[in-house]
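Per my numbering, the very first residue in the sequence shown carries number 1; after that it's consecutive. Note sheet for the following structure.
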Amino acid sequence: MLVLEFKLKGKKSQFALVDEALRTVQFVRNKALRFWMDGHGKSQYDLNKYCAVLAKEFEWAKKLNSQARQAAAERAWSAIARFFNNCRKAISGKKGYPKFQKDNRSVEYKTSGWKLSKDRTVLTFTDGFGIGSFKLLGSRDLNFYPIDQIKRVRVIRRADGYYCQFGILVERKVATEPTGKALGIDLGLKYFLAGSDGQTLQNPQYLRKSEQHIKRWQRQVSRKQKGSKNRIKARKRLAKKHLQVARQRRDFAVKTARALILSNDLIAYENLQVQNMVKNHVLAKSISDASWGIFVQWLGYFGQVFGKVVVPVPPQYTSQDCANCGQRVPKTLSTRTHTCPKCNYCECRDVNAARVILQKGLKLASEKYPRAVGNLTLGESLTATLSNENCLKQVISLNQESPHL
């Protein structure tokens with residue numbers, strides 16, 4: 001599904017009605033969750049039926065579109081289902097028991113409750129709140145897609161205004177010429193990533209660069225009296241700064257992932273468990289600022305769009321093994337250079353790890369698709385592997401026969 005986002009331009013009175021719709025969605029979602037906690041809702045279908053009961057019981061809840069009420073109940077059920085899945089998997093720590101929502105910021109319509117103008121530049125909401133019409137501000141053109149392909153319309157409140165997202169049911173595929181290149185990348189903190197080709201990309205550290213401004217606005221919020229208008233203004237300034245940092249991270253991740261996908265046929269990356277890594281209170285801020293999770297998501301997405309192979313590799317011992325001979329060389333985090341006592345291979349720690357990741361990624365790809373990589377053999381050294389002409393041809397055939405793992 002393709003998601004296109006636009007900013008809404010309207011009057012303050014209209015946005016006040018949007019806030020009322022957001023509060024109604026929060027009410028329906030919390031009531032559906034309470035319905036399940038009381039032992040009445042056994043399935044998602046039961047929560048959807050309960051939405052009709054809420055509409056009859058509360059007159060103001062009936063103003064919200066029926067499909068929007070069901071979407072709110074589906075949010076509650078997704079939290080319930082996630083809790084049960086975590087219990088079945090027996091994950092360590094908290095299982096994520098569903099909680100009541102306190103600050104809802106989005107309302108989702110399905111195929112009713114809204115309509116677009118003929119030129120697709122004005123969005124009108126037709127539910128009982130009487131929100132009216134908004135002008136859509138954005139660079140995308142909705143005229144390329146039929147109305148029946150728009151399956152979701154989501155209104156989101158952010159620190160700098162209100163936005164609308166259109167979920168369009170369309171499969172995005174872009175044909176590209178094979179490059180004959182394979183790349184392994186090692187994600188880190190000193191470098192955002194290090195490639196098996198020896199190139200590195202510096203970590204932008206957007207949060208660190210904006211930390212002084214954030215601290216200043218945070219102090220302003222703390223000094224204002226709770227409930228005052230000045231405190232609300234200070235909170236908005238602080239929220240806008242955090243939003244700016246989040247957008248910088250996302251923009252960097254999207255552009256980097258796209259560039260890597262377009263310049264390689266196969267990319268192997270280490271499948272890091274970021275949720276577990278941020279439990280380290282010493283490195284938690286730096287790990288979160290690196291935004292590895294967003295980068296990996298976009299890497300997989302662009303791999304599907306452009307028909308490239310993206311291979312996640314288990315991160316165990318990728319920094320310890322030697323890329324030249326396979327000897328395991330233990331080292332601490334402070335040791336930045338890999339020196340193998342067996343073959344005397346010396347290289348940057350991150351580059352060596354990226355080459356080990358590429359070797360493992362090629363092996364996993366050959367096991368996943370033996371037909372496409374039947375003659376692929378990993379040499380003793382990475383240089384021999386990448387210089388093998390047959391190996392590069394097999395990578396190209398893997399790209400053509402199996403677009404994505």
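Even glycine gets a Cβ: it sits at the ideal position worked out from N, Cα and C.
Euclidean distance between Cα positions of Thr256 and Leu201: 9 Å
Boundaries (first-last residue) of the beta strand (DSSP E) holding Gln320: Unbroken run through Gln320: none, as it is neither H nor E.
Residues near Gln67 in its chain [Cβ-Cβ closer than 6 Å; skip 5 each side]: Lys110 and Ser112
For Val3, the residue or residues it bridges with in DSSP: Gly167
Environment of Asn375 [buried if 16+ CB atoms lie within 10 Å]: Unreliable placement is indicated for Asn375, whose pLDDT of 35 sits below 50; the coordinate value is still reported in the next sentence. The residue is exposed, with fewer than 16 neighbouring Cβ atoms inside 10 Å.
Cys51, enclosing alpha helix (DSSP H) - first and last residue: Gln44 to Glu57
Between the CA atoms of Val155 and Asn86 - distance to the nearest angstrom: 30 Å
Cβ-Cβ distance between Asp265 and Thr179 below 8 Å: yes
Residue of Glu108, Ser139 and Pro204 minimising C-alpha distance to Thr121: Ser139
Host alpha helix (DSSP H) of Ile214 (start-end): Tyr206 to Arg223
Reference Arg34, options Arg223, Tyr97 and Lys173, closest by Cα: Tyr97
Residues sharing a beta bridge with Gly161, DSSP: Arg158
Beta-bridge pairing of Val107 - partner residues as DSSP gives them: Val155
Between the CA atoms of Glu171 and Arg328 - distance to the nearest angstrom: 44 Å
Cα-Cα separation, Ala323 to Asp289: 29 Å
Buried or exposed by the 16-neighbour rule on C-beta atoms within 10 Å, applied to Thr332: exposed
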